[in-house]
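Undergrad: Residue 0 is where the first sequence starts when you use numbering that gives the first Met the number 0, and the numbers rise one by one after that.
Here a beta-carbon is modelled for each residue, glycine too, at the ideal position from N, C-alpha and C.
Below you'll find the structure I mean.
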Amino acid sequence: MIDANLLRENPEAIKASQKARGASAELVDQAVAADLAWRKALAEFENLRATQNAKSKLVASASKEERPALIAESQELAASVKQAETLASEKEAELQKIIWQIENVVIDGVPVGGEDDFVVLREEGTKPNFSFEPRDHVSLGELLDVIDIERGAKISGSRFYFLKGWGARLELALMNLALDQAANAGFTALITPTLVKPEVMAGTGFLGSHADEIYYLPADDLYLTGTSEVALAGYHSDEIVDITNGPKRYAGWSTCYRREAGSHGKDTRGILRVHQFNKLEMFSYCNPEDAEAEHQRLLAWQEEMLKKCELPYRVIDTAAGDLGSSAARKYDIEAWVPTQGAFRELTSTSNCTTYQARRLNVRYRKEDGKTATIATLNGTLATTRWLVAILENHQQEDGTVRIPAALRPYLGGAEFIPVA
RNA sequence: GGAGAAUUCGCCUAGUGGCCUAUGGCGCCAGCUUGGAAAGUUGGUUGGGUGCAAGCCCUCGGGGGUUCGAAUCCCCCAUUCUCCGCCA
Numbered sequence: 000m001i002d003a004n005l006l007r008e009n010p011e012a013i014k015a016s017q018k019a020r021g022a023s024a025e026l027v028d029q030a031v032a033a034d035l036a037w038r039k040a041l042a043e044f045e046n047l048r049a050t051q052n053a054k055s056k057l058v059a060s061a062s063k064e065e066r067p068a069l070i071a072e073s074q075e076l077a078a079s080v081k082q083a084e085t086l087a088s089e090k091e092a093e094l095q096k097i098i099w100q101i102e103n104v105v106i107d108g109v110p111v112g113g114e115d116d117f118v119v120l121r122e123e124g125t126k127p128n129f130s131f132e133p134r135d136h137v138s139l140g141e142l143l144d145v146i147d148i149e150r151g152a153k154i155s156g157s158r159f160y161f162l163k164g165w166g167a168r169l170e171l172a173l174m175n176l177a178l179d180q181a182a183n184a185g186f187t188a189l190i191t192p193t194l195v196k197p198e199v200m201a202g203t204g205f206l207g208s209h210a211d212e213i214y215y216l217p218a219d220d221l222y223l224t225g226t227s228e229v230a231l232a233g234y235h236s237d238e239i240v241d242i243t244n245g246p247k248r249y250a251g252w253s254t255c256y257r258r259e260a261g262s263h264g265k266d267t268r269g270i271l272r273v274h275q276f277n278k279l280e281m282f283s284y285c286n287p288e289d290a291e292a293e294h295q296r297l298l299a300w301q302e303e304m305l306k307k308c309e310l311p312y313r314v315i316d317t318a319a320g321d322l323g324s325s326a327a328r329k330y331d332i333e334a335w336v337p338t339q340g341a342f343r344e345l346t347s348t349s350n351c352t353t354y355q356a357r358r359l360n361v362r363y364r365k366e367d368g369k370t371a372t373i374a375t376l377n378g379t380l381a382t383t384r385w386l387v388a389i390l391e392n393h394q395q396e397d398g399t400v401r402i403p404a405a406l407r408p409y410l411g412g413a414e415f416i417p418v419a
C-alpha cells in the first residue's frame, strides 16, 4: 500500500510512477477524491459520537427525574451516530479498495519501459568454450540419471520431475551451501509454511495481477505459496520489529508452487519452468532510509553464490513495467545457459520499500520513540533452477559434470557427477 | 470429528452493565538517593486515526448484535490448551 501522506502531499509523484509502470494514473485521482470523502465522513461521525459519549456519561450521574429525558435524547442520537458510522466505514472501504490497487512508487533511476527494456549493469565470469557439442540439462539429466522428467509427468503431469541420486544430492548441497553462507552473514534460518491465509497472500501483493499463477485450496481457503517471501513477510505482521541493531534478516527455505498459467508453450523442455521447486530466500526488514543500501547488500550476497557455483552471469536492472506491484526496484541475476546461448534468470531481488510492510502492518521504532512503517526486501539465494546452469556449464566431453569446489564439501568431497 | 476451558496495555494479572479515563506486579525509561552501583523511592511506560491546533474518535483475540451506555450480556469466527475419537 502506498503512503497516504504521499497521496495527500504529492499525488503527481504517484501518478508518474503509475505511468512508468504502464499502470492506471487515473486511480490516483480517484484515491485523492475518496480520501477527502472519507475524512469528511469520519469527522462527522466522530463529532456525533463525541456528543453521544458526553450525554451517556451524564445519564449515570443524573437524578431520577432527569434521567428519562436524557435517555430519550440519547436514543434519538444513537440512530444518527450509527448512520454516520456506517457512512464513514463505507467511505473508508471505498478508499482502501482504490488505494490497494495502486502499485509501489518506482525509485528514481529505474529504467523506463517493459520486459525488454532492462539495463545490463555488469557481466561477470567466463562463458565456457566447449570443444564438443554440449548437451542440454535434459540430456545430461538422463545420461547421469539425475533428473527424471518422464516419471514426473507420469505421476503429476507436465512441468513435474524427480530429482534422483546425484541430482537430489546436488540440490540439497546447493541449498546447504546457500544456507551456510546466509547463516554466516547473520541471517536467521527459517523453514516456512507453504500454505497461507488469504490476507497474508494479499498483503504481500501476490493476489493482484498474478492471482491466476497461484494454487488455491477452496476447501480450506488457503493458498500455496510460490515463494517463502510470503511467509517471511507475514512473519512479523502486526508487530513492531526491533531493528536498533541493524536489519532483521531471515533465510527462508521452502518448496514453491506455481501454476505457470500464462506460460503455456514457454520453456516446456526440462526443469527451467516447473510447478514445484525448492528455494532459499533472503528476506530483510530494515530502516526505510537504509533500504537501497540493503538492496545492494542482498545483490552482493547473490553474486557471491553465483561465483561459488562458478557460473558466468550478468546483472540486470529491471524496467519499471516489469516490476511486481510491491517492488520499487528489482535486480535479476541471469546465468549463462550454453545450449540456449542465452542468459536465464537465477535470482531476483526486490526492494519493496514500505509498500509491503504497510499492507501487513509491520513497523519499527524510530529514535524519537515513535513508530513508523518498516521497509522489506527479498532476494533469491538458491533455487532448483540453478541445477540447469550448473549441469550445463560444468559438463565434460564424456558427459560427466565437474562439481564446483564450494559444493564439494556438501557432496562427500566428490569432484564429478559420474555417468550412470 | 466430538466435549470443555481460555484469549486484557512487552510478560504475568485484577476486573460480572455507568466511579474502567482498565487494577496490581515484573520488565523497561527518567528523576531523587550514592564516590559509583545495588537496594529504596517518585514519576512515566498499548497502539492507531483525524484535526492548523486545542482536542476528539477508536483500541480488553477479530467481526456482528442488545443497550442511552459493553472488557463485562448474546451470536459468529480465529487461535491456544485439556480430554475423547480417528489417522500418519
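1. Just reading off the alpha helix (DSSP H) that Thr-187 is part of, what are its end residues?
2. Can you tell me which of Val-80, Gly-185 and Ser-347 puts its alpha carbon nearest to the alpha carbon of Gln-301?
3. DSSP on Gln-29, reduced to helix/strand/coil?
4. If you draw a straight line from the C-alpha of Phe-129 to the C-alpha of Val-400, how long is it?
5. Measuring only the C-alpha atoms, how far is Glu-8 from Ala-327?
6. Taking 8 Å as the cut-off, decide whether the C-beta atoms of Ala-334 and Ala-290 are in contact.
7. When you compare only the Cα positions, how much space is there between Trp-99 and Thr-375?
8. So, for Thr-191: in the same chain, excluding its five sequence neighbours on each side, which residues have a beta-carbon less than 7 Å away from its beta-carbon?
9. In the DSSP assignment, what are the bridge partners of Leu-223?
10. What would DSSP say about Tyr-330, mapped onto helix, strand or coil?
11. State the beta-bridge partners of Asn-277 as determined by DSSP.
12. Is the region 338 to 355 touching the region 51 to 59, taking contact as three or more C-beta pairs under 8 Å?
13. Quick one: what's got a C-beta closer than 7 Å to Arg-150's C-beta in the same chain, skipping five residues either side?
14. Would Val-27 be called buried (16 or more neighbouring beta carbons within 10 Å of its own) or exposed?
15. Let me make sure I understand the geometry here. Which of Gln-17, Lys-90 and Ile-1 has the alpha-carbon closest to that of Ala-36?
16. Run through DSSP, which three-state label would Trp-99 get?
17. Name, in chain order, the residues that DSSP records as bridge partners for Ser-347.
18. Is Ala-319 closer than 8 Å to Val-105 when the C-beta atoms are compared?
19. For Glu-288, count neighbouring C-beta atoms within 10 Å of its own C-beta (all shown protein chains included) and say buried if the count is 16 or more, exposed if not.
20. Classify Asp-321 as buried or exposed, calling it buried when 16 or more other Cβ atoms lie within 10 Å of its own Cβ.
21. Looking at the secondary structure, which residues open and close the beta strand (DSSP E) in which Glu-238 lies?
22. Give me the Cβ distance between Val-240 and Val-361, rounded to the nearest whole Å; I'm assuming they're in contact under 8 Å.
23. For Phe-44, which of helix, strand or coil comes out of DSSP?
24. Look at the Cβ atom of Ser-324, then the Cβ atom of Gly-204, and state whether they are nearer than 8 Å.
25. On the criterion of 16 or more Cβ atoms from any shown chain inside 10 Å, does His-393 qualify as buried, or is it exposed?
26. Cutting at 6 Å between CB atoms, please list the residues of its own chain near Lys-18, excluding the five before and the five after it.
27. Please determine, among Thr-243, Met-200, Tyr-222 and Ala-12, the residue with the shortest C-alpha to C-alpha distance to Gly-368.
28. Identify which residue in Thr-382, Leu-139 and Tyr-249 has its Cα closest to the Cα of Ala-419.
TA: The short version:
1. Position 188 of the first sequence holds residue 187. It is not in any alpha helix (DSSP H) - Thr-187 instead sits in the beta strand (DSSP E) that spans 187 to 190.
2. If you number the first sequence from 1, residue 301 lands on position 302. Of the listed residues, the one whose Cα sits closest to Gln-301 is Ser-347.
3. Locating residue 29 in the first sequence gives position 30, counting from the first residue. Of the three classes helix, strand and coil, the one that applies to Gln-29 here is helix, per DSSP.
4. Taking the first sequence and counting its residues from 1, one reaches residue 129 at position 130. Taking the first sequence and counting its residues from 1, one reaches residue 400 at position 401. The straight-line gap from Cα to Cα measures roughly 13 Å.
5. For the purposes of this step, residue 8 is taken as the residue at position 9 of the first sequence. For the purposes of this step, residue 327 is taken as the residue at position 328 of the first sequence. C-alpha separation (whole angstroms): 19 Å.
6. Residue 334 sits at position 335 when you count from the first residue of the first sequence. Residue 290 sits at position 291 when you count from the first residue of the first sequence. No, they are not a contact pair.
7. Reading the first sequence from its first residue, position 100 is the one you call residue 99. Reading the first sequence from its first residue, position 376 is the one you call residue 375. So the alpha carbons of these two residues sit roughly 17 Å apart.
8. Working through the first sequence from its first residue, we reach residue 191 at position 192. Here the set comprises Ser-227, Ala-230, Leu-231, Gly-251 and Ser-253.
9. By 1-based counting over the first sequence, the position of residue 223 is 224. Paired residues: Leu-194.
10. For the purposes of this step, residue 330 is taken as the residue at position 331 of the first sequence. Looking at Tyr-330 - three-state DSSP - the assignment turns out to be strand.
11. The residue given as residue 277 occupies position 278 in the first sequence. Answer is Thr-254, bridged to Asn-277.
12. no
13. Here residue 150 refers to the residue found at position 151 of the first sequence. Here the set comprises Phe-161.
14. Looking up residue 27 in the first sequence gives position 28. The residue in question, Val-27, is buried, as its Cβ has 16 or more Cβ neighbours within 10 Å.
15. For the purposes of this step, residue 36 is taken as the residue at position 37 of the first sequence. The candidate whose alpha carbon is nearest that of Ala-36 is Lys-90.
16. Mapped onto the first sequence, residue 99 falls at position 100. Looking at Trp-99 - three-state DSSP - the assignment turns out to be coil, as it is neither helix nor strand.
17. Taking the first sequence and counting its residues from 1, the one referred to as residue 347 is at position 348. Its beta-bridge partners are Asp-331.
18. Translated into positions along the first sequence, residue 105 becomes position 106. Translated into positions along the first sequence, residue 319 becomes position 320. Contact: yes.
19. As a working note, residue 288 is residue 289 in the first sequence. Label assigned to Glu-288: exposed.
20. By one-based count along the first sequence, residue 321 stands at place 322. Result: buried.
21. Indexing the first sequence from 1 puts residue 238 at position 239. Counting along the chain, the beta strand (DSSP E) containing Glu-238 begins and ends at 238 to 240.
22. In the first sequence, the residue the question calls residue 240 occupies position 241. In the first sequence, the residue the question calls residue 361 occupies position 362. About 6 Å; that satisfies the 8 Å criterion.
23. Looking up residue 44 in the first sequence gives position 45. Helix.
24. Counting from one through the first sequence, the residue named residue 324 turns up at place 325. Counting from one through the first sequence, the residue named residue 204 turns up at place 205. Yes, they are a contact pair.
25. As a working mapping, residue 393 is identified with position 394 in the first sequence. Classification of His-393: buried, given that the 10 Å Cβ count is 16 or more.
26. Reading the first sequence from its first residue, position 19 is the one you call residue 18. For Lys-18, where only same-chain residues beyond five positions count, the Cβ hits under 6 Å are Ala-24.
27. Indexing the first sequence from 1 puts residue 368 at position 369. The option with the nearest alpha carbon to Gly-368 is Thr-243.
28. Taking the first sequence and counting its residues from 1, the one referred to as residue 419 is at position 420. Out of Thr-382, Leu-139 and Tyr-249, Leu-139 has the C-alpha closest to the C-alpha of Ala-419.
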